[in-house]
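Novice: In terms of our numbering, the sequence shown is residues 440 to 749.
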Amino acid sequence: MASQISTTVTLDAIEHNGGRLVMIHAAGVALDDGRVIAFVGPSGRGKTTLAKTLGREFGYVTDETLAIDFDGNVLPYRKPLSVIVDPSRPKEQLSPAKLGLRPLPDAPLKIAAIVLMHRVDEHELEDGPLISPVATGSAIGWMVPELSYLPALPDPLVQLAELIDATNGVRRVTYSDASQVAALVPEILSAHGDVQPWTAGHSELDATTPSATVGEDSYRRAPGVHWLLFANEAVTLEARIVRQLAGIAPGLWELLGEWTTLTQLTAELIEQYGEVADARELVQVALDGLIEANLVERVQAAVVGNTAGK
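#1: Using a Cβ-Cβ cut-off of 7 Å (strictly less than) and excluding sequence neighbours within five positions of T705, which residues of its own chain qualify?
#2: In the DSSP assignment, the beta strand (DSSP E) including E626 goes from what residue to what residue?
#3: So the candidates are G728, N512 and A466; which of them puts its Cα closest to the Cα of S521?
#4: From what residue to what residue does the beta strand (DSSP E) around L569 run?
#5: What does a CB cutoff of less than 7 Å around S534 pick up in its chain, not counting 5 residues either side in sequence?
#6: Round the Cβ separation of A673 and S642 to the nearest angstrom and send it over; I've been treating them as touching at under 8 Å.
#7: F478 and M556 - do their beta-carbons sit closer together than 7 Å?
#8: Can you look up Y712 in the DSSP assignment and give me helix, strand or coil?
#9: Do L460 and D508 have their CB atoms nearer than 7 Å?
#10: Determine whether the Cβ of R611 lies closer than 7 Å to any Cβ atom of chain D.
#11: Would you mind listing the alpha helix (DSSP H) stretches within the stretch 591-648 that are 4+ residues and don't spill past its ends, in chain order?
#12: Counting C-beta neighbours from all protein chains within 10 Å, is the total for E655 16 or more, i.e. buried, or is it exposed?
#13: Alpha carbon to alpha carbon, how far is P595 from R610?
#14: What are the boundary residues of the alpha helix (DSSP H) that G728 is part of?
#15: Classify R737 as helix, strand or coil using the three-state DSSP reduction.
#16: Quick one: residues in its chain with C-beta nearer than 7 Å to the C-beta of L694, no 5 flanking neighbours on either side, listed in chain order?
#17: Just the C-alpha distance for R659 and G480, rounded to the nearest angstrom, thanks.
#18: Give a yes or no on whether the C-beta atoms belonging to V513 and L548 are separated by under 7 Å.
#19: Taking contact to mean at least 3 C-beta pairs separated by less than 8 Å, is the stretch 579-594 in contact with the stretch 676-696?
#20: Looking at I570: is its Cβ nearer than 7 Å to the Cβ of A630?
#21: Can you tell me which of the three DSSP states R459 falls into?
#22: I'd like to confirm the pairing. Which residues does DSSP put opposite R474 in its beta bridges?
#23: For A552 and P593, I'd like the C-alpha separation in whole angstroms.
#24: Based on Cα-Cα distance, which residue from E736, M462, A574 and Y499 lies nearest to R541?
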C-alpha cells in the first residue's frame, strides 16, 4: 500500500508540472553550498542505492525525479525510498530520516552537474571507477528516455541543451559499487563534458506547395519537428521520438528548409563534401530514411503538376 501511495503521488506531481519543469529520472544529492548533482539512469540502474549511499554524506534531494526550473533551480522531492529489508518480502518504503540521510542545506538548490550512471561488474573495472565526458548530442540521446513531459516544454531540445551547457556538459560515471561514487564527487564537479556548439530550429506548418515546373519530386522538412544541429550530427524531436542524424543527414537537413529536389540536394552536397560515386543514390537513400522517420515530406512531381493545373 505504501509503495502504491508513493507511486501515485510521484506520478501526480510529474503530471502537474508537465511543461513547467525539466523533470529527469535521476537521483539527486546536494552539497552544503546548494550545488546539486543529478545521477541519471533508467529503472533498475541503482538510483535508490546511490541516493541512500550518497545521502549519508550529502543532502538527500530525491531518488526518483529531479525537478529543475528554467533558471536551474532544483525543487527537492524527498520521497521515501523503496528498500529491500527482507528479500522474501516486497520492498519497504523508508523515510530519509529512518535511513539516516542528511537533510537539505540551507542554501538555495542549483543544478551543478548531470551524470549518466553506468554500473558494471567489478571485474570490468580493473583501474577503478571512471569519469568520462559525453558529447552533447549523445548525452541528449541518452537523457531523453529519462525525461518526463519533454515535448510539453517550450523549445524542448533548447531547454535541454541549455541545461547541459549551464552544467559544463554531461559526464558518465562508470562504477561497480555505490560506495565508490562519494569519493568522486569533487572530480565530478570539476570535470567537463564534451560540450558542443549547436543551433536550434523548429519547422512550422507551412501551406506553400512546390513549383509545378521542377519536373521531379520535391522535399522539405516535415512540420512540427524540433532540432539541434551540431558540427557533425543533428538531433531531432518529432512526436515524442528523438533521433540522432549522422553521415550526410545533418547536411541534408540544413538544405531542407524549403521545397527542393533530389537534383538540387545532390548538387549542394557535392559542393560541400566533394564528388563521390553514386552520390545521387546516396542522397536518395538518406532522404528515404528521413521520410520513413516522418522528418521529411515529399510531393511527387505528378501531384504537383495536377495541383497546379486545377
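Note that CB positions come from ideal geometry on N, CA and C, so glycine has one too.
Specialist: This is what the structure gives:
#1: Translated into the one-based positions of the sequence shown, residue 705 becomes position 266. Around T705: A718, R719 and V722.
#2: Reading the sequence shown from its first residue, position 187 is the one you call residue 626. Where E626 is concerned, there is no enclosing beta strand (DSSP E), although the alpha helix (DSSP H) it sits in stretches over V624 to S629.
#3: For the purposes of this step, residue 521 is identified with residue 82 of the sequence shown, where counting begins at 1. Among G728, N512 and A466, the Cα nearest to that of S521 is on A466.
#4: Along the sequence shown, one-based indexing puts residue 569 at 130. It spans L569 to V573 - the beta strand (DSSP E) in which L569 sits, taken as one unbroken run.
#5: Position 95 of the sequence shown, counting from 1, holds the residue named residue 534. P519.
#6: If you number the sequence shown from 1, residue 673 lands on position 234. If you number the sequence shown from 1, residue 642 lands on position 203. Not really, about 13 Å apart at Cβ, beyond 8 Å.
#7: As a working note, residue 556 is residue 117 in the sequence shown. As a working note, residue 478 is residue 39 in the sequence shown. Cβ distance < 7 Å, so M556 and F478 count as in contact.
#8: Position 273 of the sequence shown, counting from 1, holds the residue named residue 712. Y712 falls in the helix class under three-state DSSP.
#9: Your numbering for residue 460 matches position 21 in the sequence shown. Your numbering for residue 508 matches position 69 in the sequence shown. Yes; because the gap between Cβ atoms is below 7 Å, this pair is in contact.
#10: Structure shown: chain D not included; a single protein chain is present.
#11: 595-605 and 624-629
#12: If you number the sequence shown from 1, residue 655 lands on position 216. Answer is exposed; the Cβ neighbour count stays below 16.
#13: Taking the sequence shown and counting its residues from 1, the one referred to as residue 595 is at position 156. Taking the sequence shown and counting its residues from 1, the one referred to as residue 610 is at position 171. In this structure, the CA atom of P595 is about 21 Å from the CA atom of R610.
#14: The residue you call residue 728 lines up with position 289 of the sequence shown. From DSSP, the alpha helix (DSSP H) with G728 extends over A718 to E731.
#15: Taking the sequence shown and counting its residues from 1, the one referred to as residue 737 is at position 298. Residue state, collapsed to three classes: strand.
#16: For the purposes of this step, residue 694 is taken as the residue at position 255 of the sequence shown. Close CB contacts of L694 within its chain, under the 7 Å cut and outside five residues either way in sequence, are with L704 and E707 (chain order).
#17: The residue labelled residue 659 in the question sits at position 220 within the sequence shown. The residue labelled residue 480 in the question sits at position 41 within the sequence shown. Taking the straight line joining both Cα atoms gives about 36 Å.
#18: Taking the sequence shown and counting its residues from 1, one reaches residue 513 at position 74. Taking the sequence shown and counting its residues from 1, one reaches residue 548 at position 109. In this structure, L548 lies closer than 7 Å to V513 by Cβ.
#19: yes
#20: Within the sequence shown, the letter at position 131 stands for residue 570. Within the sequence shown, the letter at position 191 stands for residue 630. I570 places its beta carbon less than 7 Å from that of A630.
#21: Position 20 of the sequence shown holds residue 459. When DSSP states are grouped into helix, strand and coil, R459 belongs to the coil group.
#22: To locate residue 474, count along the sequence shown from 1; it is residue 35. For R474, which the question treats as bridged, DSSP gives the partners K549.
#23: As a first step, residue 552 is located in the sequence shown; it is residue number 113 there, counting from the start. As a first step, residue 593 is located in the sequence shown; it is residue number 154 there, counting from the start. Taking the straight line joining both Cα atoms gives about 22 Å.
#24: Here the question's residue 541 lines up with position 102 in the sequence shown. Comparing Cα-Cα distances from R541 to each of E736, M462, A574 and Y499, the minimum goes to Y499.
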